[in-house]
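Residue numbers (our numbering): 4 to 106. Each residue gets a CB set at the ideal place from its N, CA and C atoms; glycine is no exception. One structure is given below, encoded as structure tokens.
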């Protein structure tokens with residue numbers, strides 16, 4: 004259950020770093036690494052069967068989706084659309100897992 008969180012962490016951190024490298028955008032770097040850290044820590048919690056791992060993954064998906072979905076609608080550019088899809092997919096996966104674990 005932690006593998007999607009680690010994958011999303013790597014994608015977000017890499018994307019934020021690449022955004023900074025290409026355009027010098029500090030907000031991209033901070034957001035990408037910050038959301039990546041949230042996903043990474045949730046993966047760590049899930050791997051160690053600690054409390055709040057699923058909830059943190061859902062929160063990270065909400066933050067990512069909240070930032071990217073309006074931008075994807077407005078700009079119609081591939082990167083915001085891809086990040087929006089990742090946020091929705093990750094959020095749906097962890098909400099499903101949450102409902103399985105906590106009926």
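Beta-carbon proximity check, residue i vs residue j, cutoff 9 Å
{"i": "residue 97", "j": "residue 24", "result": "no"}
{"i": "residue 47", "j": "residue 63", "result": "no"}
{"i": "residue 68", "j": "residue 45", "result": "no"}
{"i": "residue 39", "j": "residue 31", "result": "no"}
{"i": "residue 77", "j": "residue 5", "result": "no"}
{"i": "residue 37", "j": "residue 28", "result": "no"}
Integer-rounded CB distance, given that residue j should sit under 8 Å from residue i
{"i": "residue 16", "j": "residue 35", "result": "6 Å"}
{"i": "residue 74", "j": "residue 81", "result": "Actually they do not touch by this definition, with Cβ atoms about 12 Å apart."}
{"i": "residue 60", "j": "residue 93", "result": "7 Å"}
{"i": "residue 14", "j": "residue 89", "result": "7 Å"}
Residue i versus the options, residue with shortest Cα-Cα distance
{"i": "residue 99", "options": "57, 33, 66, 89", "result": "57"}
{"i": "residue 101", "options": "55, 26, 10, 33", "result": "55"}
CB contact below 9 Å: residue i versus chain B
{"i": "residue 43", "result": "Going by chain labels, chain B is absent from the structure shown, which holds only one protein chain."}
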